[in-house]
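Residue numbers (this note's numbering), protein chains in the order written: chain A, 12 to 438; chain B, 12 to 438. For each residue, glycine too, the CB sits at the ideal point set by N, CA and C. Written below as structure tokens is the structure these notes are about.
Written out as structure tokens, the structure reads:
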């Protein structure tokens with residue numbers, strides 16, 4: 012089977028100015044094609060070091076995907092060095108030049124001399140048009156090796172990969188990889204692994220691997236098979252074996268796409284709301300709109316998510332949510348009493364069936380001995396009443412981590428509530 | 012000068028299940044120490060391929076930082092392979108075993124046999140305690156090379172790096188790197204580069220590099236100097252040369268930390284609000300709380316950000332923001348008329364000095380011939396009145412990109428408004 016490597020080019024990656032999301036995205040696409048990826052590398056915009064990395068990668072792998080450095084600036088050297096490594100001259104690609112002229116006219120930008128070099132391609136390259144920028148991508152076959160060049164900006168790389176690179180790469184695909192993720196809460200990674208160790212050791216297809224996430228443990232089952240149905244079937248069988256190890260009670264979501272796996276609480280909650288025909292609203296203080304943003308990042312949220320209130324200031328808690336000033340004065344903004352009135356207020360104000368509230372101390376400042384950083388209170392209100400609870404997330408977590416944990420917890424509270432309600436109606 | 016490489020270990024990275032934020036974070040810390048980083052590599056949990064990558068990296072670099080694969084599971088092999096590559100036996104580190112017992116007791120988890128292997132360290136290693144997990148980190152000096160092993164979860168890696176790894180690495184630091192970012196809008200990357208090409212070509216310290224971001228162009232100036240003051244001074248001089256190329260009118264923010272650079276619109280808006288003593292509120296439809304989440308991701312947002320309304324459903328636009336049903340019926344939810352009433356409603360409801368509103372079609376569904384995907388309407392209300400505008404973001408962008416662009420545009424509208432107001436009061 013042909014193997015691949017990814018080589019990302021850009022000094023901004025080596026300085027940590029940007030995060031390499033391109034590599035993760037391409038890795039997922041290669042996995043879906045069943046093309047094994049054994050190494051990713053990042054080098055800067057330096058000709059000698061880039062050349063060395065290309066030569067080394069081509070000595071190991073059959074397919075090399077280079078990202079970045081195709082743009083118009085003098086820092087952009089990827090195409091020139093790749094052509095040199097392959098011993099191919101650069102030639103003008105007239106359709107790319109014309110497409111670039113049309114694109115620049117559309118966005119009202121001038122054709123600068125440095126733009127033109129983007130229309131040069133190594134002789135014999137298959138050119139991938141760029142509908143969202145000026146630099147075309149390309150694929151070059153030479154000496155039994157295949158080299159793909161893709162632009163660095165995700166807004167150009169992703170559509171070009173979907174429209175051109177994946178169809179091109181499908182010729183190398185030998186079956187499919189399929190992953191099923193079991194999302195667990197209330198158990199640690201090592202405890203989960205201890206229950207699964209013999210399965211992990213003895214199973215090669217599907218592979219079974221635990222991962223510690225933000226406030227969850229994910230067990231990833233990955234099967235390789237001739238087609239998707241067979242791979243899914245292998246994962247379903249393994250799922251039963253895994254859950255039988257006293258893990259079923261910790262399972263709160265199952266996902267099989269990276270988008271869903273990336274935010275399983277939001278994905279699972281939306282699915283449960285849709286299944287129940289239940290509308291939803293939020294009252295967010297320390298999460299500042301993060302729950303709303305996570306829910307609405309998923310297409311179709313509008314079917315069940317009505318909206319909510321970001322009640323960062325106490326005046327907004329009072330004015331828009333109807334929290335009583337006496338409650339705030341007696342118990343403080345971070346209290347179950349305030350969380351209760353926030354959830355009830357959001358439900359009433361939005362006219363929703365179900366609402367959650369979050370109010371806490373995300374840090375780094377604002378902690379007190381009674382309510383240290385990481386203290387978060389939650390409310391959950393429906394037509395039958397309101398429940399509240401308090402969680403103490405690790406005060407050593409970053410502000411962002413505490414906010415993510417708090418949002419995930421609120422969404423899982425709502426999810427558990429919907430499942431209990433579904434269980435009752437099943438009786 | 013000693014050079015470094017980062018080697019990230021984990022099959023989950025090669026499958027694209029997680030994004031390599033650790034590498035970007037460590038790259039920033041190395042840059043701040045002035046330690047050149049020339050390559051990052053990712054390999055999976057495979058002994059032979061990990062060993063080869065370690066051997067190759069140690070042949071090139073003086074300092075190798077390995078992340079991931081220190082945990083309790085059988086997939087975790089980094090320490091074992093690193094010790095083998097360095098020719099060192101693993102020995103039990105008693106303080107780590109005791110710390111792990113204490114940590115597990117604190118979080119109420121059992122000491123499983125697989126946890127114990129985390130207390131083994133290569134002979135002679137300096138051990139970095141892990142306050143947020145069970146696996147200690149470590150540094151090993153051998154044959155003129157230095158190898159650091161750090162845990163993969165960011166919540167463990169970041170505090171361990173700050174508390175132990177950076178102090179350890181500071182012995183290799185030779186001066187500092189300092190970066191100043193000039194954030195531009197209303198100009199493309201290649202147009203900006205055309206104006207700066209001779210400066211980019213002729214300047215080695217600071218280096219000058221343009222980057223295309225989400226709806227902005229960033230010019231990064233990076234200076235290397237003996238101390239921070241000298242590096243800053245070099246960047247300030249270069250800033251004047253760059254802005255003199257007719258770029259000053261495009262400058263909307265300047266940042267010199269990765270946190271600020273990562274979301275310059277939010278960072279700059281909060282700073283301007285604080286400087287003006289102006290309170291702020293939001294009314295978000297298609298961004299779903301994203302503006303609030305971005306503002307409140309930054310510590311200190313509570314000084315000026317009061318909150319807002321996530322008015323995803325029309326009922327919430329009417330009920331909480333007071334948008335007239337007749338306005339929605341006549342012009343639709345995505346209209347400047349609705350945006351106007353949303354902004355005024357948010358300002359009134361939150362009792363804020365200034366409010367913005369966002370209502371648009373983020374896609375992938377919901378577009379019409381009159382209002383295609385990417386159409387977003389904005390409102391900006393203060394005591395003097397309300398202004399509105401409509402933007403057409405590329406319909407080829409992803410939902411997430413359109414939401415980010417819309418949020419950034421709304422925040423820059425508010426920023427420009429505050430600067431105009433400050434200009435008036437200066438007169």
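{"Asked": "Classification of residue 21(A) by the beta-carbon crowding that lies within 10 angstroms, buried from 16 upward", "Found": "buried"}
{"Asked": "Selected residue, minimal CA-CA separation from residue 153(A), among 69(A), 186(A), 313(A)", "Found": "69(A)"}
{"Asked": "CB-CB length for residue 196(B) against residue 263(B), believed under 8 Å", "Found": "5 Å"}
{"Asked": "Close beta carbons around residue 203(B), own chain, < 6 Å, minus the five adjacent residues each side", "Found": "221, 228"}
{"Asked": "Buried versus exposed call for residue 419(A) [16 or more other C-beta atoms within 10 Å across all chains shown]", "Found": "buried"}
{"Asked": "Contact between the region 162-173 of chain A and the region 141-151 of chain A (3+ Cβ pairs under 8 Å)", "Found": "yes"}
{"Asked": "C-beta neighbour in chain B for residue 405(A), strict 8 Å", "Found": "yes"}
{"Asked": "The region 314-322 of chain A in contact with the region 287-295 of chain A per 3-pair CB rule at 8 Å", "Found": "yes"}
{"Asked": "Boundaries of the alpha helix (DSSP H) in which residue 170(B) is found, first to last residue", "Found": "165-171"}
{"Asked": "Any non-hydrogen atom of the ligand ATP closer than 7 Å to residue 288(A) Cβ", "Found": "In the structure shown, the ligand ATP is absent, as is every other ligand, since no ligand is present at all."}
{"Asked": "Own chain partners of residue 34(A) with C-beta closer than 7 Å, once the 5 adjacent residues on each side are dropped", "Found": "17, 19, 51"}
{"Asked": "Buried/exposed call for residue 279(A), threshold 16 Cβ in 10 Å", "Found": "buried"}
{"Asked": "Residue 22(B): first and last residue of the uninterrupted alpha helix (DSSP H) it sits in", "Found": "22-25"}
{"Asked": "Cut-off 7 Å between Cβ atoms - residues of its own chain near residue 53(A), not counting five sequence neighbours on either side", "Found": "19, 24, 25, 31"}
{"Asked": "The alpha helix (DSSP H) enclosing residue 289(A), as first and last residue numbers", "Found": "Where residue 289(A) is concerned, there is no enclosing alpha helix (DSSP H), given that its DSSP letter is neither H nor E."}
{"Asked": "Interface residues of the region 195-214 of chain A facing chain B [CB-CB below 8 Å]", "Found": "199, 200, 201, 202, 204, 205, 208, 211, 212"}
{"Asked": "Local Cβ density within 10 Å of residue 306(B), reported as buried at 16 or more and exposed below that", "Found": "buried"}
{"Asked": "Completely contained alpha helix (DSSP H) runs for the region 135-211 of chain A, where each covers 4 or more residues", "Found": "165-171, 177-180"}
{"Asked": "Cutoff 8 Å: residue 302(B) Cβ touching any chain A Cβ", "Found": "yes"}
{"Asked": "Bridge partner(s) assigned by DSSP for residue 101(A)", "Found": "133(A)"}
{"Asked": "Simplified DSSP assignment, three categories, for residue 306(A)", "Found": "helix"}
{"Asked": "Residue 422(B) versus 397(B), 248(B), 283(B), residue with shortest Cα-Cα distance", "Found": "283(B)"}
{"Asked": "Sheet register partners of residue 235(A) (DSSP bridge)", "Found": "188(A)"}
{"Asked": "Residue 174(B) versus 310(B), 141(B), 160(B), residue with shortest Cα-Cα distance", "Found": "141(B)"}
{"Asked": "Chain A contact for residue 410(B) (CB, 8 Å cutoff)", "Found": "yes"}
{"Asked": "Beta-carbon proximity of residue 72(A) to residue 133(A), cut-off 8 Å", "Found": "no"}
{"Asked": "Beta-carbon proximity check, residue 358(B) vs residue 365(B), cutoff 8 Å", "Found": "yes"}
{"Asked": "Proximity winner among 301(A), 400(A), 350(A), relative to residue 414(A) (alpha-carbon distances)", "Found": "301(A)"}
{"Asked": "7 Å CB neighbourhood of residue 64(A) in its chain, flanking five on each side removed", "Found": "18, 52, 54"}
{"Asked": "Three or more C-beta pairs below 8 Å linking the region 175-193 of chain B and the region 93-112 of chain A", "Found": "no"}
{"Asked": "Three-state class that DSSP yields for residue 228(B) in the structure shown", "Found": "strand"}
{"Asked": "Coil, strand or helix - residue 218(B) by DSSP", "Found": "strand"}
{"Asked": "Positions along the region 321-336 of chain B whose CB lies within less than 9 Å of some CB in chain A", "Found": "321, 322, 323, 324, 326, 327, 328, 330, 331"}
{"Asked": "Below-8 Å beta-carbon distance, residue 217(B) vs any chain A residue", "Found": "no"}
{"Asked": "Cβ contact check for the region 239-253 of chain A and the region 203-217 of chain A: 3 or more pairs under 8 Å", "Found": "yes"}
{"Asked": "Element boundaries [beta strand (DSSP E), containing residue 321(B)]", "Found": "316-322"}
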